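*Asks:*
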Amino acid sequence: MTHVTYHKPVLLNEAIRYLVTDPHGIYVDGTLGGGGHSAHILEELSGKGRLFAIDQDDDALRVAAERFADEDRVSLIRGNFGYMDVLLPKDAEENLSGILLDLGVSSHQIDEPGRGFSFQKDGPLDMRMGALQDLTAATIVNEYEYEDLRNLFFEFGEERQSARIARAIIRDRPLETTGQLRDTVASVIPERFLNKSLARIFQALRIAVNSELNMLKRALEKGTALLREEGRFVVITYHSLEDRLCKNYFRYGNFEGKPVKDFYGNDITPLRTLTKKVVSPSVNEVAENPRARSAKLRAAVRHKRGSS
Ligand SMILES: C[S@@+](CC[C@H](N)C(=O)[O-])C[C@H]1O[C@@H](n2cnc3c(N)ncnc32)[C@H](O)[C@@H]1O
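Mapping the sequence shown onto our numbering, position 253 (from 1) lands on 253, and the numbers just tick up by one.
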């Protein structure tokens, strides 16, 4: 396994253009993966610049350790980006020039049947992005009560047939593999809708296993507090739930999208959105890399402290 086959970076030039404004600055790549974005950030930095690259997946860290073996400006960190406030050294506090999150799973994680992320390959119902957490998809599928399963598929998968699917899962338990889960879903969903439903069910399980939305919320709040004045936050999302959190946080400073005004009627927010219109990959990029098709990039800048 090398970084060349590990993952093809998405919206690479766009992300770096929004992120890097100071070549001597300190940057965080919260989602190292195959190191595609990290390598490009390093190209833009001077000898004084530094990069902290975080991933919770040991495979990613192994590949990156080889890729960046001769690079002393980068520090690789094993952990969850939601805890970047505790993972980074103290001198990074209020001193970061930019943070990048390229959310979701890497191609390597999807393509490896043993990780259980893909309904197109048979593997164990695992779906953990890293060995740091205990909860697996098998536990959720086999132990959650009907209502919890149904709500999970509805809320995190936006699946309209969540009740039918939850009932079928309870009927067929225990389920051990992605293939068994696929067959169970196929028993209640018509063939022509099956792939879409499977994608939504697998997405919902993955979000729950990895606490993806909670970790994103934490990263947005803690990361913003770590940015220096004029520091940039760039996030690439792959589904509407994470995109909405990001859009609301950048615009309003909260996740519900509620405007908070000062005495004069001005919005009180820690960030100002730079991408008035969300940035999507070009037709060419999607043709070359179909996994980029649902990507959306949003960028924001930290206000001067004392102003909002
Ligand atoms: C889409 S890939 C990133 C690809 C990378 N930008 C590149 O160009 O190769 C997402 C990576 O982020 C990691 N990841 C996702 N959520 C994470 C989290 N909460 N904390 C740490 N790593 C996370 C995954 O393990 C995966 O390796």
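Note that CB positions come from ideal geometry on N, CA and C, so glycine has one too.
Please read these numbers as outputs of a predicted model, since none were measured by experiment.
Are there any heavy atoms of ligand 1 lying less than 7 angstroms away from the beta-carbon of P348, as far as the coordinates show?
*Replies:* What the structure shows of the chain is the stretch from 1 to 308, and residue 348 is not part of that stretch, so it cannot be assessed.
*Asks:* Counting only runs that start and end within the segment 231-273, where is the alpha helix (DSSP H) found for 4 or more residues in a row?
*Replies:* 240-252
*Asks:* Buried or exposed: where does H239 fall if 16 or more other Cβ atoms within 10 Å of its Cβ makes it buried?
*Replies:* buried
*Asks:* Any beta-carbon of chain C closer than 8 angstroms to the one on K261?
*Replies:* This model lacks chain C altogether, as it is built from one protein chain only.
*Asks:* Is E229 helix, strand or coil by DSSP?
*Replies:* Strand.
*Asks:* Any idea which residues DSSP pairs T177 with across the strands?
*Replies:* P124
*Asks:* Is there contact here, the segment 225-233 with the segment 150-159, by at least three beta-carbon pairs under 8 angstroms?
*Replies:* no
*Asks:* Closest to D111 by CA distance: which of A138, L103, H24, M127 is it?
*Replies:* M127
*Asks:* By alpha-carbon positions, which one of N254, S197, G104, L271 ends up nearest to G231?
*Replies:* Out of N254, S197, G104, L271, L271 has the C-alpha closest to the C-alpha of G231.
*Asks:* Alpha carbon to alpha carbon, how far is E159 from Y252? Give it in angstroms, no decimals.
*Replies:* Going by the C-alpha atoms only, they are around 28 angstroms apart.
*Asks:* When DSSP labels each residue in this structure, what does V4 get in the three-state scheme?
*Replies:* Here V4 carries a helix assignment [DSSP, helix/strand/coil].
*Asks:* Any heavy atom of ligand 1 closer than 7 angstroms to the beta-carbon of I110?
*Replies:* no
*Asks:* Determine the extent of the beta strand (DSSP E) in which A299 is found, giving its start and end residues.
*Replies:* 296-302
*Asks:* For the alpha helix (DSSP H) containing F156, name the first residue and the last one.
*Replies:* Start and end: 146-157.
*Asks:* On the DSSP bridge assignment, give the partners of D102 in chain order.
*Replies:* For D102, which the question treats as bridged, DSSP gives the partners I236.
*Asks:* Give me the Cβ distance between V185 and L194, rounded to the nearest whole Å; I'm assuming they're in contact under 8 angstroms.
*Replies:* Their Cβ separation, rounded to whole angstroms, is 7 angstroms, which keeps V185 and L194 in contact under 8 angstroms.
*Asks:* Can you have a look at L105 and say buried or exposed, based on whether 16 or more other CB atoms are within 10 angstroms of its CB?
*Replies:* Residue identity differs from the one stated: residue 105 is Val in this sequence, not Leu. Its Cβ being crowded by 16 or more others within 10 Å, V105 is buried.
*Asks:* Is L32 closer than 8 angstroms to I16 when the C-beta atoms are compared?
*Replies:* Their beta carbons are not under 8 angstroms apart, which means I16 does not touch L32 by this criterion.
*Asks:* Counting Cβ pairs closer than 8 angstroms, one from the segment 209-224 and one from the segment 72-89, do we hit at least three?
*Replies:* These segments touch.
*Asks:* Is the closest heavy atom of ligand 1 to the C-beta of T31 under 7 angstroms?
*Replies:* yes
*Asks:* Which residues mark the beginning and the end of the alpha helix (DSSP H) in which I170 is found?
*Replies:* 162-172
*Asks:* Using DSSP's beta-bridge definition, name the partner residues of F52.
*Replies:* Here F52 is bridged, per DSSP, to V28, S75.
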